Amino acid sequence: PVHAPAPHVVLLTSPGAGHVLPVAEFATRLAADHGFTATIVTYTNLSSPAHNSPLASLPPCVSVAALPEVPLDDLPADAHVLTRIFTVVNRTLPHLRDLLRSLLDSPSGVAAFLTDMLCPAALAVARELRVPRYVFYTSSLISLVSLLYTPELARTTTCECRYLPEPVVLPGCVPLHGADLVEPVQNRSDPVYPLMVDLGINYLLADGFIVNTFDAMEHETLVAFKELSDRGVYPPVYAVGPFIRSVSADAGCKHSCLRWLDEQPEGSVLYVSFGSGGSLSMEQTAELAAGLEASEQKFLWVVHFPSDKDRSAGYFGTSADHAGNDPLSYLPDGFVERTSGTGLAVPLWAPQVEILNHPAVGGFLSHCGWNSALESAAAGVPMVAWPLFAEQRVNAVLVSSDRVGLALWERPSSATSVDNDGVVVPRGEVAELARELMVGKKGALARKKAGQVRDGAEMALAPGGPQRRALAAVISKWKAPVMTDDNHQPH
Ligand code: UDP
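All the letters of the sequence shown, read from the start, carry residue numbers 5 to 495 under UniProt numbering.
What follows is the structure, encoded as structure tokens:
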């Protein structure tokens with residue numbers, strides 16, 4: 005008998021480890037557990053080999069296609085990173101259309117097209133080609149809700165959102181101060197602002213949102229969102245989280261920092277990391293170092309090159325500026341030597357999931373990138389939230405809210421600060437927060453809550469549990485697609 009080819013899904017990922025990693029994981033999972041073949045579509049612009057490394061170890065039924073590089077030299081040198089990404093997404097649409105067409109003409113066809121959170125403009129191409137289309141949203145549902153609200157924010161207000169007199173109350177969400185809304189909507193005169201409005205509109209081209217979240221993290225928001233979906237306001241949401249990497253079984257290439265952790269007492273180490281691209285200013289790096297030292301807590305700090313210009317400098321293109329340099333050389337004089345008994349500074353990258361699940365780790369000072377927040381939650385590790393840019397402040401509000409209580413965080417009193425630029429957290433505050441998390445009362449409460457959220461994560465992941473059911477619900481649509489042409493319109 006002639007077998008029909010396995011159903012094929014196409015997943016589009018924007019550049020950056022925080023996007024490529026979960027998309028690669030999701031494609032692998034669809035292939036391994038659900039019999040799909042997959043094509044991961046990447047951008048050549050803004051990509052780095054390090055961030056694309058997860059693509060090197062995909063199973064054979066998952067292939068990679070890179071869209072060709074497009075010129076960006078007309079953008080100003082200081083264009084927001086999202087302006088760059090959205091420009092790449094828009095300019096490569098014809099190439100994406102060609103790729104999807106050729107896949108549609110091949111025996112495998114295309115059962116569904118998924119884009120990550122930054123490329124929903126590409127959903128228009130899938131609609132045009134009548135392919136079922138979904139957003140694989142790898143941040144919090146509250147941040148998606150806030151982005152869906154951006155067009156309304158732009159329409160109904162005139163001031164910069166940080167001056168809004170009242171917090172924004174979105175359905176099922178912790179109230180968000182205007183200054184806590186995603187960083188690229190903080191400045192109306194930045195060219196990224198109208199692109200953020202487009203983002204909010206383009207999301208509604210989706211047939212559904214596959215969101216990397218779970219009930220214990222975002223119960224109320226999920227309930228409220230489902231009600232709105234049932235009323236046709238939004239496409240349906242599928243909570244497939246916590247979708248995170250598992251601890252690597254490869255003990256052979258154990259990172260030296262894990263061997264260092266093996267020597268430390270249980271729950272004694274504060275892990276400090278700002279994700280794959282977060283960068284602190286020179287002054288903030290010095291204050292953080294001094295604060296960690298003064299806290300007298302053990303720490304494991306993944307140190308990036310400092311940047312006085314850009315909190316997200318570590319993401320794109322700047323490492324070449326530092327070629328041959330060591331980020332640890334930017335730490336205060338004598339810091340590494342003085343703290344050698346209590347702390348470990350690691351340059352650039354460390355195996356985070358393994359670290360968070362190591363028994364010696366008792367806290368996480370985190371920029372609140374969503375993958376980091378989920379990994380911390382699933383490991384039951386409480387956090388100090390130190391958001392830098394993008395939607396990290398929204399995530400920080402969520403994880404430090406009474407409902408979730410995983411993190412210690414207070415909004416800086418300078419409500420006008422948007423992404424901590426120019427606002428330096430002094431060493432005394434760092435030391436106090438580190439101590440409070442590791443040995444204080446609030447830290448103990450957060451640890452208890454983190455344990456509950458970890459149980460919630462385990463429940464979500466249990467065989468036949470919510471994650472499996474949500475995945476099965478959306479996958480069943482791809483295996484027997486029913487096309488609809490009526491799209492959800494902005495209300
Ligand atoms: N990561 C890691 N080691 C590092 C920095 C990051 O393994 O030194 C991983 C981390 O575990 C997470 C991802 O990279 O899965 C970062 O994603 P997140 O959403 O937290 O932040 P982003 O890097 O997108 O700002």
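Glycine is no exception: its CB is placed at the ideal position from the N, C-alpha and C atoms. In this text, all values refer to a predicted model and were calculated from it rather than measured experimentally.
- Message: With three or more C-beta pairs closer than 8 angstroms as the rule, is the stretch 240-255 touching the stretch 216-227?
- Response: With a cut-off of 8 angstroms, the stretch 240-255 and the stretch 216-227 count as touching, because enough Cβ pairs lie within range.
- Leaving out five residues on either side along the sequence, give the residues of the same chain with a beta carbon under 8 angstroms from the beta carbon of residue 376. Excluding positions up to five away in sequence, the list reads 277, 279, 356, 368, 370.
- Let me know the beta strand (DSSP E) ranges lying completely inside the stretch 63-121, each 3 residues or longer, listed in chain order. Counting whole runs of 3 or more residues, the stretch 63-121 contains the beta strand (DSSP E) stretches 66-71, 116-120.
- Considering only the beta carbon of each residue, do residue 13 and residue 115 sit closer than 8 angstroms? Cβ atoms of residue 13 and residue 115: closer than 8 angstroms.
- Query: Among 399, 306, 305, 131, which one has its Cα closest to the Cα of residue 150?
  - Reply: Nearest to residue 150 by alpha-carbon distance, out of 399, 306, 305, 131, is 399.
- Task: Indicate, with yes or no, if the ligand UDP has a heavy atom lying under 7 angstroms from the CB of residue 338.
- Result: Residue 338 Cβ: outside cutoff for every heavy atom of the ligand UDP.
- Check: residue 371 C-beta below 7 angstroms from any heavy atom of the ligand UDP: Short note on residue 371: C-beta closer than 7 angstroms to some heavy atom of the ligand UDP.
- Message: Out of 140, 210, 200, 76, which one is the CA nearest neighbour of residue 134?
- Response: Checked all of 140, 210, 200, 76; the closest Cα to residue 134 is 210.
- Validate contact between the stretch 100-108 and the stretch 169-177 using beta carbons, cut 8 angstroms, 3 pairs: Flag = no, the stretch 100-108 and the stretch 169-177 do not touch.
- Query: What residue does the alpha helix (DSSP H) around residue 331 start on, and which one ends it?
  - Reply: Boundaries cannot be given for residue 331, as no alpha helix (DSSP H) includes it and DSSP labels it neither H nor E.
- Query: Could you give the distance in angstroms between the alpha-carbon of residue 428 and the alpha-carbon of residue 24?
  - Reply: Each residue's alpha carbon lies about 31 angstroms from the other.
- Message: If you reduce the DSSP assignment to three classes, tell me which class residue 439 lands in.
- Response: DSSP, reduced to helix, strand and coil, places residue 439 within a helical segment of the structure shown.
- Task: Drop a sphere of 10 angstroms on the beta-carbon of residue 167, count the other beta-carbons inside from all chains shown, and report buried for 16 or more, exposed for fewer.
- Result: When all chains shown are included, residue 167 counts as exposed.
- Query: Any heavy atom of the ligand UDP closer than 7 angstroms to the Cβ of residue 292?
  - Reply: Placement of the Cβ of residue 292 at a distance of 7 angstroms or more from every heavy atom of the ligand UDP is found.
- Whole angstroms is fine: what's the gap from residue 323's alpha carbon to residue 333's? A caution first: residue 323 carries a pLDDT of 48, below 50, which makes its placement in the model unreliable, though a value can still be read off. Roughly 14 angstroms between the two C-alpha positions.
- Assigned exposure category for residue 257 - 16 Cβ within 10 Å defines buried: Result: exposed.
- Taking just the CA atoms, how far does residue 410 sit from residue 382? Looking at the two C-alpha atoms, the distance is approximately 11 angstroms.
- Item | Heavy atom of the ligand UDP within 7 angstroms of residue 374 beta-carbon | Within the cutoff, so yes.
- With a threshold of 7 angstroms, establish whether the CB of residue 150 neighbours any heavy atom of the ligand UDP. Result no, Cβ not under 7 angstroms from the ligand UDP.
- Message: For residue 369, report the span of its beta strand (DSSP E) as first-last.
- Response: Looking at the DSSP string, the run of the beta strand (DSSP E) that includes residue 369 is 365-370.
- Item | Collapsed DSSP secondary structure at residue 12 in the structure displayed | Residue 12 falls in the strand class under three-state DSSP.
- Is DSSP giving residue 173 helix, strand or coil here? Coil at residue 173, not helix or strand.
- For the stretch 266-275 against the stretch 301-318, are there 3 or more C-beta pairs whose distance is under 8 angstroms? Taking 8 angstroms as the limit for Cβ pairs, the verdict is that the stretch 301-318 does touch the stretch 266-275.
- Task: Would you be able to state if there are at least three C-beta pairs under 8 angstroms between the stretch 55-66 and the stretch 15-32?
- Result: As far as the Cβ criterion goes, the stretch 15-32 touches the stretch 55-66, which means the pair count is three or higher.
- Item | Cut-off 7 angstroms between Cβ atoms - residues of its own chain near residue 144, not counting five sequence neighbours on either side | 217, 222, 374, 398, 399, 402.
- Exposed or buried, residue 466, counting other C-beta atoms within 10 Å across all chains shown (16 or more means buried)? In the assembly as shown, residue 466 is an exposed residue. Its beta-carbon has fewer than 16 other beta-carbons within 10 Å.
- Unbroken stretches of the alpha helix (DSSP H), 4 residues or longer, contained in the stretch 193-224: The stretch 193-224 contains these whole alpha helix (DSSP H) runs: 196-206.
- Message: Can you find the residues in the same chain that come closer than 8 angstroms, C-beta to C-beta, to residue 286, ignoring five residues on each side of it along the sequence?
- Response: Counting only residues of its own chain and dropping the five nearest sequence neighbours on each side, residue 286 has a CB closer than 8 angstroms to the CB of 310, 312, 334.
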